[in-house]
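Which chain is which? The protein sequence lines are A and B, in order.
In short: position in the first sequence from 1, add 4, done, that's my numbering.
In short: position in the second sequence from 1, add 4, done, that's my numbering.
Beta carbons: idealized from backbone N, C-alpha and C, even for Gly.
The structure appears below as structure tokens.
Number of protein chains: 2
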Amino acid sequence: MEKIGFVGLGIMGKPMALNLLKAGFDLIAYNRTEDKVDAIINAGGKKGKTPKEVAEQSDIIITIVSDSPDVEEVILGENGIVFGLKEGSVVIDMSTISPSVTRNIAEKLRDKKVEMLDAPVSGGDVGAINATLSIMVGGSQNTLNRCRPIFEAMGKSVTHCGTNGMGQTTKLCNQILVSVTNMAVGEAVLFAQKSGLNALTMVEATKGGAAGSWQLANLGPKMVNEDFAPGFMIDLQQKDLRLVLDAAEELHLPLPALSYVHQLYKSNQANGEGKEGTQALFKSIKRLS
Amino acid sequence: MEKIGFVGLGIMGKPMALNLLKAGFDLIAYNRTEDKVDAIINAGGKKGKTPKEVAEQSDIIITIVSDSPDVEEVILGENGIVFGLKEGSVVIDMSTISPSVTRNIAEKLRDKKVEMLDAPVSGGDVGAINATLSIMVGGSQNTLNRCRPIFEAMGKSVTHCGTNGMGQTTKLCNQILVSVTNMAVGEAVLFAQKSGLNALTMVEATKGGAAGSWQLANLGPKMVNEDFAPGFMIDLQQKDLRLVLDAAEELHLPLPALSYVHQLYKSNQANGEGKEGTQALFKSIKRLS
């Protein structure tokens, strides 16, 4: 069985690492804030002092940290994974970061005869806890096949999206879809309310047909009931939308609807609502009226 | 059994009238273009020379025509339904028109002791043919109960949305949802393609989760395969979006995302694509890049 190194024990990483231990994998973990590693030790894992030390003791090293610079830091920075890697090992980055940064890192690792997979996830902390994540993988099919048992311990669906970076690109498409569809729900709910229509009745009447979406069925009623607890936090969504817009900039691609949602979320952040769920987009839509 | 009058045998009205005949209702029909009534006569129905004559011979009169002025014309205009109505009969308007025009007509009919229901539908011509329409009803619950067997002969779901006009308002919410969600799909598909990602893989990887929608599952692959045959035609969608924007204007309500989709559809129309399906929105999104 492959020995696993795990770097990043945040809200997603910790339950994912615990699921790997539960599935019987040997696991050594590193986290910048050290006390987060205690839960891993209690579950039978080991503690690494640096990403380098984690890499030295592993065949497959998983990273799941906040943003592109954090991934560069733990893989390529001082005491980074790259300095401990054995030839033939694999690095799987499960963070959501820039597709082009991903390709750069993959190239540098290839020079060391190490394969990389980008494998961002959707499904939130609930999916991480229940091992029901959707995993979008970029990299070689062979490497994916080798890592499949690891993915299957953390998620319920694993899609091979293409070469390095394509997992990240698929994740960014996912974020375009959730954000602009959320906008659709917000404008429909507000139009209903301003018209004197019971917006919950509207959601029920429309969600089964061509207007239907996960966002409508799940976030529509929360908007109506003014339940803005996260789900997925606006501050985190904004990081992902910035990644989309940076990638679109590199491609010289205008995305006006997505950009507009990004601006409305800035209105949420400016109003102290950045820690609320993405359905609080409704508040910004409402502020315009 | 109630005797039914039917005004408007277009792409939706004709199959709906035929389903009423199939369910055993007596039916007399009027259409501006007379030869469209032949199909009704062949199926055992009768022909009325004017909307007034249809109303004289019916208990329940259904209208399904193009737009607000057409409904005003067939109900209130020369030889209109209002001049043939018996006290206690019901007018059901199944067109998609302005909620405020609907309320005005309902008020005028109420003066004649005639109840009105607004009952626009979604589900397209396929839903009309197969009697699987979703019907969104505004008006009194009692009148809806009286008309329920008629609705059930034409649709599979009947929702009471509130007082007169609320059926229309619900339909307009439906059109906000389908249009802005369509926009989400178009930007995601284009971002995928410009990034070198197989967009069909992207649709498959995302449609089961929080990004999922009817529009993504059904129109996403059509965009990728450049299949722009209607489904629902842009020219018809534009009429409905104009109704949304007119109603929003009356409410002093900004709907920037919906307005933007309306403008992009204008680009489709300016490029001779008005008879294509709404998924051709993708062409306008692409034209920007």
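Query raised in the report: Do Pro-124/A and Thr-100/A have their C-beta atoms closer together than 8 Å?
Result: Yes, Cβ-Cβ distance for Pro-124/A and Thr-100/A is below 8 Å.
Report task. Quick one: residues in its chain with C-beta nearer than 8 Å to the C-beta of Met-5/A, no 5 flanking neighbours on either side, listed in chain order? Result -> Gly-28, Phe-29 and Asp-30
Requested in this report: Give the secondary structure of Glu-76/B by DSSP, where H, G and I count as helix, E and B as strand, and everything else as coil.
Outcome: helix
Query raised in the report: Can you find a CB in chain B that lies within less than 8 Å of the CB of Pro-103/A?
Result: yes
Query raised in the report: Cβ of Glu-280/B less than 8 Å from any chain A Cβ?
Result: no
**Report entry** Contact belief for Met-140/B with Thr-174/B at Cβ below 8 Å, rounded distance in angstroms
**Finding:** 4 Å
Requested in this report: Measure from the alpha carbon of Ala-196/B to the alpha carbon of each residue in Met-16/A, Ser-217/A, Asn-46/A and Ala-251/A, then state which is nearest.
Outcome: When each option's Cα is compared against that of Ala-196/B, the closest is Ala-251/A.
Query raised in the report: Roughly how many angstroms lie between the CA atoms of Tyr-68/A and Gly-17/A, to the nearest whole one?
Result: Here the sequence assigns Ile to residue 68/A, which means Tyr is not the residue at that position. So the two alpha carbons sit approximately 6 Å from each other.
Query - Any C-beta of chain A under 8 Å from that of Met-206/B - result: yes
Query raised in the report: Which of the residues in the segment 259–271 of chain B, read from start to end, lie with their CB under 7 Å from any CB of chain A?
Result: Leu-259, Pro-260, Ala-261, Leu-262 and Tyr-264
Query raised in the report: In three-state terms, what does DSSP make of Gly-190/A?
Result: helix
Report task. Mind checking which residues open and close the beta strand (DSSP E) that includes Ile-238/B? Result -> No beta strand (DSSP E) contains Ile-238/B, which is instead part of the alpha helix (DSSP H) from 238–254.
Query raised in the report: In chain A, what lies closer than 7 Å to Met-187/B by C-beta?
Result: Val-184 and Ala-261
**Report entry** Those runs of the alpha helix (DSSP H) which lie wholly inside the segment 91–155 of chain A and span at least 4 residues
**Finding:** 103–115 and 128–134
**Report entry** Residues that Leu-31/A bridges to, as DSSP identifies them
**Finding:** DSSP output for Leu-31/A lists Ile-8/A as bridge partner(s).
Query raised in the report: Mind listing which residues of the segment 130–156 of chain A have their C-beta closer than 8 Å to chain B's C-betas, in chain order?
Result: Ser-138 and Met-140
Query raised in the report: Three or more beta-carbon pairs under 8 Å between the segment 233–246 of chain A and the segment 166–185 of chain A, yes or no?
Result: yes
Query raised in the report: At a Cβ threshold of 8 Å, is Ala-110/A touching chain B?
Result: no
Query raised in the report: What does Asn-178/B reach in chain A if we use C-beta pairs closer than 9 Å?
Result: Ala-192, Met-206, Ala-209, Thr-210, Gly-213, Ala-214 and Ala-215
Query raised in the report: How about Gly-127/B: is its C-beta nearer than 8 Å to some C-beta of chain A?
Result: yes
**Report entry** Between the CA atoms of Lys-50/B and Phe-133/B - distance to the nearest angstrom
**Finding:** Checking the sequence shown, residue 133/B turns out to be Ile, not Phe. If I take the Cα positions, the gap works out to 20 Å.
Query raised in the report: Can you pull the DSSP bridge partners for Val-162/A?
Result: As DSSP reads the structure, Val-162/A sits in a beta bridge with Ile-139/A.
**Report entry** Selected residue, minimal CA-CA separation from Ser-102/A, among Val-118/A, Leu-80/A and Glu-76/A
**Finding:** Residue Glu-76/A is the option with its Cα nearest to Ser-102/A.
Query raised in the report: When the Cα of Met-237/A is compared with those of Leu-223/A, Lys-279/A and Asn-272/A, which residue comes out closest?
Result: Taking only the C-alpha atoms, the option nearest Met-237/A is Lys-279/A.
Query raised in the report: Under 8 Å, do Cys-151/B and Ile-65/B count as touching if we go by C-beta distance?
Result: no
Requested in this report: Use the C-beta contact count for Gln-145/A: other C-beta atoms within 10 angstroms, 16 or more gives buried, fewer gives exposed.
Outcome: exposed
Query raised in the report: If you pair each beta-carbon of the segment 192–207 of chain B with each one of the segment 253–270 of chain B, do three or more pairs fall below 8 Å?
Result: Short answer: they don't touch.
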